[in-house]
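**Student:**
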Amino acid sequence: MDEAVYSLAELFKIFGDPTRIRILYAMLDTERCVNDIAGVLEMSQSSVSHQLRILKTSKLVKSRREGKSIYYSLDDEHVRSILNMGMEHIMEGHGV
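282 is the number of the first residue of the sequence shown in this note's numbering; add one for each residue after it.
Have a look at this one:
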């Protein structure tokens with residue numbers, strides 16, 4: 282049980298970074314390449330790539346190669362659910 286609790290805490294640390302949340306939201310409904318994400322979020326490709334590595338290592342995003350391009354998307358429906366439930370909780374708590 283302790284290992285599972287530790288793993289859950291580590292997962293929530295990944296969600297604790299606003300930049301990573303913005304990147305996940307950019308892929309909420311569509312897959313995107315690094316260049317697309319960088320453009321949408323007005324960030325450097327290097328910064329986006331760094332965050333995507335963290336998200337991929339944490340199994341929150343997956344990638345696929347098409348020619349020279351690599352496209353990223355949410356790893357599975359759980360990631361979408363976590364984002365949606367978190368936002369719902371925030372909106373509820375703020376009366377938004």
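Each residue gets a CB set at the ideal place from its N, CA and C atoms; glycine is no exception.
Going by alpha carbons, who is nearest to Ser-344 out of Arg-313, Thr-300, Asp-283, Val-321?
**Tutor:** Checking every option, the nearest Cα to that of Ser-344 belongs to Arg-313.
**Student:** Please determine if the segment 307-324 and the segment 287-295 are in contact, where contact requires at least 3 C-beta pairs separated by less than 8 Å.
**Tutor:** No, the segment 307-324 is not in contact with the segment 287-295.
**Student:** Just curious, the beta strand (DSSP E) that Ser-386 is in, first and last residue?
**Tutor:** Shown here, the chain extends from 282 to 377; a query on residue 386 therefore has no answer.
**Student:** Is Val-329 close to chain C? Criterion is C-beta to C-beta, closer than 8 Å.
**Tutor:** Among the chains of the structure shown, chain C does not appear; only one protein chain is present.
**Student:** Here's the rule: buried if 16 or more other CB atoms are within 10 angstroms of the residue's CB, otherwise exposed. What is Leu-341?
**Tutor:** That one is buried.
**Student:** Kindly indicate the opening and closing residues of the alpha helix (DSSP H) around Leu-333.
**Tutor:** First-last of the alpha helix (DSSP H) with Leu-333: 326-338.
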